[in-house]
Structures are given as structure tokens and as C-alpha cells.
Amino acid sequence: MNSMTTRAERKQKIVLQSITFVILGVAFILMWNVLIKTRVVSMQAVSAAPLPNAMPTNLFSDLYLVLLMSFLAILFGIACAFYLQEWLPETNWVRRLIEGLVAILTGIPSLLFGILAIGIFFSYAGTLKMIGGSPVPQNAEAIPVQHDTTLFYAEALTFILMVMPVTIKTTQGALHSIATPIREAAYVLGASKWQVLKRQVMPLAFTRILAGGCRAMSRAFAAAALLIGIYTWHYTTESGKMPGRFMLFLSGALFLSVLSSTLIETHRSSGRNTVNLPR
Amino acid sequence: MENKIEISDLQVHYGDKSALNGISFDVHPNEILSIIGPAQSGKTTLLKVINRTLEFTPEATVQGSVKLDGVDIDTIGDVYELRRRIGMVLPLPVGLPLSIYDNVAFAPRTAGLRTKSELDEIVERCLQQAALWDEVKDRLNTLGTKLSGGQQQRLTIARALSHQPEVLCLDEFSIAIDPVTTMRIEDVLKTLQTEMTILLVTNLVQQAKRLANRTAFFLNGDLIEIDTTDVIFSDNPANQATYDYVNGTFG
Ligand SMILES: Nc1ncnc2c1ncn2[C@@H]1O[C@H](COP(=O)(O)OP(=O)(O)OP(=O)(O)O)[C@@H](O)[C@H]1O
Ligand SMILES: [Mg+2]
């Protein structure tokens, strides 16, 4: 190993570590918010045992929109992966940065993203409006989940952060598997980069890219299902209280998940070996 | 007589490691020049320089010049055009994910040819020359990757001929092909010689002896000797190492 590689490695390690700390910080703040505010919701409003039909209808219309956005994010993710893998050299710092982020985000189970989405709906939709002055209504039918655009964007962002990295990672993997010697078969015939991508790489990689897209979409659906499930449970259970410990354990899960991805990534970039832990 | 290819002081490094240490020689038009030498001697690297596919190996650096018809290949703006002027058969067959017909029609199509009758004519001629036509003429629309290893190798030969190259480079084309078919292709190469210049990298010294007008002996990135095949395979080539390698007493 010459000194250049080690210096680049060290730089990459520092970048990855700082990303991890930022993500962990944000995650903890969000979780803390959820923890505090769901308690408020539970104690003041939901204990009134409302009926199932009290569920706010715009939860569903929002969810459909969010799922549509996830789908678009997947298409965009595929385009990003093509750009990263086919146009940027492996040493490019933007590519390294995005790959580091992707490695961390793909390591987070969709369950945790689902919880995050719930947190956003609960804490910013229900409670903020209630705590902010007007008297707490006695049944949930009176709790309108405000169609708040910031809320919607936060929700959409959560889903995008969940589906994009998976898409980018699987697409990059699919493209990477079509190695230069395979492509050379087309290049020696005078094909341009576009022709090679269109007539050789795409047909060979298509199935894997599609599979990656499906996996990403399944994450989105899983989170949506969880969101609906918990929401329903919350509005139909007598003591629909979110136990604080529930959120604490979830924070722990998020922490460990990010830690594990970071460890794998730094281990790989240190050039020793490739570890693929089962997910 | 103009030289087809002129190589002068060609050096190739992979990172710090030298693969060709400043070699110079000329390739005459319409000759079969065979390039022999043990593993790692830089034969494949040389071919990759000529059609500029070494550009896909980021750590490789090239110094010196390669001229095709007197023009430095680095100054040729349209690298795709250059690659179509040079046919390349790589040692391991790679099928394009297309039908047999489309595999052979790939290069003419990338060059802009669309006429069905002309494409049909090219496909049949090239498959004939690659000694594959009889085996596949009834199933031109099946996937090329469904063929056997040896058939796929012949398909790559047909592809390399499909764009009517001026120079045909073959890199150990016969590893996957049985001796009888190899002989048929060797006969075709001899007749193709009237149309094009042929660079034949081979591990089979007898193949070089059978086909080549001249033979070059490479060793560890150096061109040890280049001469007529008769001289190289005689009892007294200029270099002892050449004699030892050709007669199998090398090393
Ligand atoms: N992509 C690469 N990266 C680093 N080194 C390489 C690469 N390709 C070839 N080399 C090195 O360059 C030297 C010449 O290799 P080359 O493939 O040209 O040899 P060759 O004569 O074709 O050998 P063979 O008969 O085994 O095919 C070897 O030492 C090889 O290790
Ligand atoms: Mg070789």
C-alpha cells in the first residue's frame, strides 16, 4: 500500500464517521420528539376510545401520493445509479460520499422508517395543533389531521430516504456485474457508450434493476402498511398509549443498524475484505 | 511498400508495472503476422493499444506511437470508426444478449447500415467465413448465448469480420475450438489475407508456423525478435531464447 491510498482511505473514513454522527443525532432528536409527543396524544386524546371510522381520511390520500412519489423516486434513483456507476470514476468524492450514505441508509430496516413516518404524522399533525392552545377534543372524530403541506413533504422525504438508497445500491450492483471484459465485446465492434448501455448493458442488467425497484417499493408498502396499522390501533384501542419504552427500543434498533452499516463500510473501504452480512 | 501499422517505442505501464518496454516494429499490408511468447509477455496488451480498448483500463498508461496507414491512432477523432477498421477476436467468447443474426449485424448497424438485404448478405458471408453457417442457418433468431463455447467463439469471429476490418486481430482464437474446425478457420484466414492484414496472437507455435508470413517473439514486454516465419522456425534464429521457445525447451 502506498501512502496515497491510505490517505484517501483515512479521509473517506472521517467523512463516513461524520455522516454517521449527523444521522444518529437527527434520528435521536426525531425519536425523542415522537416519544414526548405521542405520550401527549395518548394521554389527552386517544384514551377517549374513539370509533374506527374516526380515522382521518386524508391519511389515505396522502399515503397514495407518498407511494406515487416513492415510485418516482425509484425511477430517479435508477438514473442516479447509472450516472454514478457509468460516468463518475470510482475515486470521485461525490460518488464516494453518496455510496457511503447509501450504505448507511440501506442498512436501516423499513420498519424503522415506518416508525419515523408515524412519528411525523402523530407528532406534527395531531399534537402540535392540539397543544397549541385550543382545548383538547373529547373524541378522536374531532381530531382532524390537518392537511399540512410541510407534514406531507416530511412524510414524502421519509419514504424517499427509504426507497432511493436501496434502488441506487441494487442498480449499481447490477451495472457493476457487467464487467469491462463483457462490454469490450461490444466496444471492439465500434459501439459507442450509449449503444453499449442500450443494446448490451440494459438487456443484461434489466432483471436485477427491476428486482431492486420491487424491493424498494416493497419497503415503501411495508412502511405504509405499518403506518395504517398503528394508526388504526391507536384510534381504536381503549388505552391506545404508545409506551415510551417502545420508542426507546426502536431508537436502539436504529442506532445499531446505522452502526453496523458504518462498520461494514469502513471495513470494506479499508481494503481488507468484503463482508456481506445478511439483512 | 507502405506499412499498414507502424509501432515505435511503445511503452505500456499498468500503474508502476511495465507491460511493454518500448517496442518498435512494422506490420506490412496483407501479411499474416503472428505474435508468440509465453504468458504475461504483453501480447494482449499490444492488441488493446491498437484498437484503443486499453482506455478502459484506468491504471494503464501508454507512451510512444502507433500509426495506422501513417496516421497516429491517438489523433483519430472518431475512436468508434477506428475500432470498426480493426477486427478483434478476444480469447474468451462473449455473446451479446441478442440473437445470432443480431450479433453479427450489430457492428454494421452501429455503423448505420439498415438495409435488410445487405445485412442478410453480411450475416451469411461472415457466418460462412467463421465456419458456423451450416450449424446455425436454421436458427438465426435464437440467442447467441445459447450456443456452445466453441460455436460462440466462432460467432465472435463472424462479428469481427462483419464490419469489414482492414486489420484483423485474433487473440488465441482457437482455445475453445476443436482441431478440425480450427483448421477450417485457418484456411479462411489464408484466403482473407488478400483482403486484410492479420495479426495472430497464438500460444500454438505450430499454428504460427502453418499460417504466418512473419512471426514476432515477445518475452516479458520486450520484442525479442521479428522475422519471416521460416527464419524464426529455422535452426538459427537471431536469438537463442526464440529457438528455445519455438522448440519447446524454453525455461
Ligand atoms: N488490467 C491489468 N491490470 C494490471 N496489470 C495487467 C492488466 N492486464 C495485464 N496486466 C499485466 O501486463 C502484463 C502483460 O499482460 P498481457 O495480458 O498483455 O500478456 P499476454 O502476453 O497476453 O499473456 P497471456 O499469454 O497469458 O494472455 C502482465 O504482467 C499482466 O500481469
Ligand atoms: Mg493474452
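Listed in order, the protein sequences are those of chains A and B.
Position in the first sequence (from 1) plus 83 gives the number in our numbering.
Position in the second sequence (from 1) plus 15 gives the number in our numbering.
Glycine included, C-beta positions come from ideal geometry on N, C-alpha and C.
If the five residues before and after residue 201(B) are omitted, its C-beta is found closer than 8 Å to the C-beta atoms of 222, 225, 226, all from its own chain and listed in chain order.
The C-beta of residue 274(A) comes closer than 7 Å to at least one C-beta of chain B. The continuous beta strand (DSSP E) containing residue 242(B) extends over residues 237-243.
Looking only at 231(B), 196(B), 176(B), 230(B), the smallest Cα-Cα distance to residue 207(B) is reached by 176(B). Per DSSP, reduced to three states, the secondary structure at residue 152(A) is helical.
Counting only beta-carbon distances shorter than 5 Å to the non-hydrogen atoms of ligand 1, the qualifying residues in chain order are 29(B), 34(B), 54(B), 55(B), 56(B), 57(B), 58(B), 59(B), 60(B), 72(B). Contact between residue 114(B) and residue 159(B) is confirmed by a C-beta separation of about 7 Å, below the 8 Å threshold. Taking CB atoms only, residue 161(A) has no neighbour in chain B less than 7 Å away. One alpha carbon belongs to residue 275(A), the other to residue 108(B), and they sit about 20 Å apart.
Annotated three-state conformation of residue 248(B) is coil, per DSSP. Between residue 260(A) and the set 250(A), 235(A), 288(A), the nearest pair of CA atoms involves 288(A).
Neighbours of residue 109(B) across chain A, judged by C-beta separation under 8 Å: 264, 265, 267, 268. Judged by DSSP secondary structure, residue 121(B) falls within the alpha helix (DSSP H) whose first and last residues are 115-125. Counting along the chain, no beta strand (DSSP E) covers residue 166(A), and no H or E run does either. Around residue 150(A), no beta-carbon contact reaches into chain B at under 8 Å, the shortest distance being about 33 Å.
Scanning 183(B), 135(B), 27(B) for the CA closest to the CA of residue 205(B) turns up 183(B).
Contacts with chain B at 7 Å (Cβ-Cβ) include residue 271(A). In summary, the residues of the stretch 50-74 of chain B whose CB is separated from some CB of chain A by less than 8 Å are 66, 68, 71, 72, 73, in the order they occur in the chain. DSSP places residue 179(B) outside both helix and strand once states are collapsed to three, so it counts as coil. In the displayed model, residue 26(B) falls within a strand according to three-state DSSP.
The beta carbon of residue 283(A) sits closer than 7 Å to some beta carbon of chain B. Inter-segment contact for the stretch 89-101 of chain B and the stretch 59-70 of chain B is present: three or more beta-carbon pairs are separated by less than 8 Å. Within its own chain, the residues whose Cβ lies closer than 7 Å to the Cβ of residue 116(B), once the five positions on either side in sequence are excluded, are 138, 155, 156, listed in chain order. For residue 37(B), no alpha helix (DSSP H) segment is defined; the enclosing uninterrupted segment is the beta strand (DSSP E) at 32-42.
Between the C-alpha atoms of residue 72(B) and residue 48(B) there is a straight-line separation of about 26 Å. Per DSSP, residue 192(B) is not a residue of any beta strand (DSSP E), being assigned neither H nor E. Remark: C-beta atoms of residue 122(B) and residue 142(B) do not approach each other more closely than 7 Å. If you draw a straight line from the Cα of residue 24(B) to the Cα of residue 209(B), it is about 29 Å long. When the Cα atoms are used, residue 171(A) and residue 255(A) turn out to be separated by approximately 12 Å.
Comparing alpha carbon positions, the residue from 245(B), 50(B), 119(B) closest to residue 145(B) is 119(B).
The C-beta separation of residue 244(B) from residue 230(B) comes to about 5 Å, placing the pair in contact by the 8 Å criterion. In this structure, residue 279(A) keeps its C-beta atom at 7 Å or more from the C-beta atom of residue 268(A). Contact fails between the stretch 290-302 of chain A and the stretch 124-135 of chain B, because fewer than three Cβ pairs, one in each stretch, are under 8 Å apart. Between residue 341(A) and residue 103(A), the CB-CB gap stays under 7 Å. Residue 249(A) counts as buried, since at least 16 other C-beta atoms from the protein chains shown sit within 10 angstroms of its C-beta.
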